Amino acid sequence: MARILIAGGGYVGLYAALGLEKKLGADHDITMVTPHSYMTYQPFLPEAASGSIEPRHVVVPLRLALKRTRVVTGRVLGLDHPSRTAILQPEEGPQRDLSYDHIVIGMGSVSRVLDVPGVAEQAVGFTSIEEAIYLRNRVLSRLDVAESATDPGARQKALTFTFVGGGYSGIEALAELEDLARDATRYYPGITSADMRWVLVEASPSILPEVGDDLAAYATRHLRNRGIDVRLETRLVSAVDGHMVLSDGTEYDAGTLVWTTGVVANPVLKEFGFPTDDRGRIVVDEYLRVTGHPAAWAAGDGASIPDVTTGRPAPPTAQHALREARLLARNLAAEIKGGQAKPFCYTNKGGLVSLGRYKGVAKILDVKVKGFPAWFLHRTYHVFMLPGINRKFRVLADWTIALFFRRDIVQLGSLGRPRSRFRAAAGPKPK
Ligand SMILES: Cc1cc2nc3c(=O)[nH]c(=O)nc-3n(C[C@H](O)[C@H](O)[C@H](O)COP(=O)(O)OP(=O)(O)OC[C@H]3O[C@@H](n4cnc5c(N)ncnc54)[C@H](O)[C@@H]3O)c2cc1C
Numbered sequence: 001m002a003r004i005l006i007a008g009g010g011y012v013g014l015y016a017a018l019g020l021e022k023k024l025g026a027d028h029d030i031t032m033v034t035p036h037s038y039m040t041y042q043p044f045l046p047e048a049a050s051g052s053i054e055p056r057h058v059v060v061p062l063r064l065a066l067k068r069t070r071v072v073t074g075r076v077l078g079l080d081h082p083s084r085t086a087i088l089q090p091e092e093g094p095q096r097d098l099s100y101d102h103i104v105i106g107m108g109s110v111s112r113v114l115d116v117p118g119v120a121e122q123a124v125g126f127t128s129i130e131e132a133i134y135l136r137n138r139v140l141s142r143l144d145v146a147e148s149a150t151d152p153g154a155r156q157k158a159l160t161f162t163f164v165g166g167g168y169s170g171i172e173a174l175a176e177l178e179d180l181a182r183d184a185t186r187y188y189p190g191i192t193s194a195d196m197r198w199v200l201v202e203a204s205p206s207i208l209p210e211v212g213d214d215l216a217a218y219a220t221r222h223l224r225n226r227g228i229d230v231r232l233e234t235r236l237v238s239a240v241d242g243h244m245v246l247s248d249g250t251e252y253d254a255g256t257l258v259w260t261t262g263v264v265a266n267p268v269l270k271e272f273g274f275p276t277d278d279r280g281r282i283v284v285d286e287y288l289r290v291t292g293h294p295a296a297w298a299a300g301d302g303a304s305i306p307d308v309t310t311g312r313p314a315p316p317t318a319q320h321a322l323r324e325a326r327l328l329a330r331n332l333a334a335e336i337k338g339g340q341a342k343p344f345c346y347t348n349k350g351g352l353v354s355l356g357r358y359k360g361v362a363k364i365l366d367v368k369v370k371g372f373p374a375w376f377l378h379r380t381y382h383v384f385m386l387p388g389i390n391r392k393f394r395v396l397a398d399w400t401i402a403l404f405f406r407r408d409i410v411q412l413g414s415l416g417r418p419r420s421r422f423r424a425a426a427g428p429k430p431k
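In case it helps, the numbering used here puts the sequence shown at residues 1 to 431.
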């Protein structure tokens, strides 16, 4: 009986585990170590932030989705691969060792943060469900702050939102949240959408490289027509105390700063003793085996995988991670049971970008689509790809409800401080 350890419970972890369960049956031991008990369907994070989808519906509970995999909540901190041992930090309690025969690494990526003064203190990223929920509450709470502010400077700061990075995650997050805030202003008599300032700062000459020049230009025009200040070939130079300084000389105060300049491989991968590329990704061969290390496999954002169609490493996208994970499971099962490994070969099918409700751009193979059809394609594709029938129905129900009722603008920012009310009621300790 082989013991397989899967490090990470994202796209790679979930699809590799599903594939292994199917191909190996009950004869082998599969354990997954992951910090959260759910897989996050990241393409729906922008809609979770804007409230079009209930945040719980864009995460997939791993224990529900996996039938024969033991899910251990914790983190893999390091490996001693020659002795087939992983160092596990469980959710609570001391570190311990975990033995395995084969390891699958799908530990993804983290935000690529540049050394800009003030960013570490002021900014929030956009890669997790927690950040999506936080941003929804943050945007709505800034409207609350502005509505009750008496100082014009404080009011303007609350109503100013800056996004840095014009890739798909930044653009979708900006477009969805601006939509939400504009809709919400109708319930704030003292605020109009013209009072808000939304700024996108992008260092390169164009946004959305995934969809090509024409559609990127269309998306830029569309965002500008909505009043969003899109600044191309511009960098954020400083964000100390919420005071934004841009490379074109512009300075202003912003109450919210969102950092979406891409991702880098999970830094813990460097501790594993495997070969890594210049971006910290584990180098694997076309069969997804770690180069020079038998019984170790890796895929997804944290792996450098030769893409035979481009000659470059495969890009960090869900469409790649999903296919890599399925192939990895197939090749690993073939190694255990005896069989032929297959090389990874997948051509990027394009990109789908939502620009808020009923708007979008899409490039599928060489076909370019914009406006409502692109938005509809985005929704249809992603609900189809969302793992599990249960989640699909919940998301469809959210969308159906949204057709008949106005957008929900409740903000639950105090969720992060659940004990404050009780503590206030308990009062100071008697002397
Ligand atoms: C906002 C957003 C929108 C996106 N939209 C699209 C899209 O429309 N189309 C598309 O193709 N791609 C999209 N992507 C990219 C896509 O989501 C990623 O490429 C994909 O998630 C990569 O899969 P992965 O398994 O490598 O990493 P992940 O899915 O991030 O999974 C990594 C896992 O490793 C776990 N982990 C981290 N550290 C440890 C540790 N020490 N020990 C154990 N486990 C650990 C994490 O908790 C997580 O479960 C989007 C990404 C974002 C952020």
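Quick reminder that beta carbons are idealized off the backbone N, C-alpha and C, glycines included.
Please read these numbers as outputs of a predicted model, since none were measured by experiment.
Nearest-angstrom beta carbon gap, residue j and residue i [assumed within contact, 8 Å]
i	j	result
L24	I336	7 Å
G306	P316	The residue you asked about is not Gly; residue 306 is Pro in the sequence shown. Their Cβ separation, rounded to whole angstroms, is 15 Å, which puts P306 and P316 out of contact at 8 Å.
G9	T34	3 Å
G273	H102	Their Cβ separation, rounded to whole angstroms, is 16 Å, which puts G273 and H102 out of contact at 8 Å.
T192	I207	Going by Cβ atoms, the distance from T192 to I207 rounds to 26 Å, so no, they are not a contact pair.
A296	V290	4 Å
V395	H57	5 Å
Range of the contiguous alpha helix (DSSP H) that encloses residue i
i	result
K368	Where K368 is concerned, there is no enclosing alpha helix (DSSP H), although the beta strand (DSSP E) it sits in stretches over V367 to K370.
E178	Y168 to A184
Y15	Y11 to L24
D144	I129 to S148
H222	D213 to N225
A154	P152 to A158
I401	I389 to F404
V119	V119 to Q122
S420	S420 to A426
R326	A318 to K337
Residue j beta carbon less than 7 Å from that of residue i
i	j	result
S99	A402	no
V139	A158	no
L20	A86	no
A26	R68	yes
V116	T162	no
V110	A16	no
A132	A254	no
P43	H382	yes
A341	N348	no
L246	V361	no
H222	L352	no
K435	G350	This structure cannot settle anything about residue 435, because the visible part of the chain is limited to 1 through 431.
Y218	K370	yes
A173	P46	yes
Best match in the options for proximity to residue i [C-alpha to C-alpha]
i	options	result
T260	A26, G125 and K342	G125
T40	R221, L66, Y11 and I103	Y11
A203	E233, I30, G74 and L215	E233
V60	P46, H36 and G78	H36
F405	K22, R56, L77 and D183	D183
D248	Q340, V237 and G166	V237
M63	D398, P55, T400 and G388	The sequence shown places Arg at residue 63, not Met. Answer by Cα proximity: G388.
A303	L365, L246, P275 and V245	P275
Y187	V290, C345, R407 and A120	R407
P205	L143, R235 and L77	R235
F344	R75, L322, I364 and G338	L322
V258	S128, A334, V410 and Y358	S128
D179	G227, V240 and Q156	G227
M107	G280, E251 and R155	G280
A329	L288, R142, T256 and G416	L288
V211	P152, A374, R357 and L77	A374
L79	Y358, L415 and H293	H293
E324	W399, K368, Y346 and T309	Y346
Opening and closing residue of the beta strand (DSSP E) in which residue i lies
i	result
I53	Segment: none, I53 is in no beta strand (DSSP E) and carries neither H nor E.
G61	Before going further, note that residue 61 is Pro rather than Gly in the sequence given. V59 to P61 is the extent of the beta strand (DSSP E) around P61.
S83	Careful: S83 lies outside any beta strand (DSSP E) and carries neither H nor E.
R96	R96 to S99
A194	That residue, A194, is in no beta strand (DSSP E); it is neither H nor E in DSSP.
L5	R3 to A7
S414	No beta strand (DSSP E) holds S414; DSSP gives it neither H nor E.
L236	L236 to S238
D229	D229 to R231
Residues that DSSP places opposite residue i in a beta bridge
i	result
M244	Y252
F163	L200 and V258
L88	V76 and R96
T276	I282
R289	W297
S109	A265
A446	Since the displayed the chain opens at 1 and closes at 431, residue 446 lies outside it and no answer follows.
V104	I6 and W297
7 Å Cβ cutoff, residue i in contact with chain C
i	result
I129	Absent from the structure: chain C. Only one protein chain is present.
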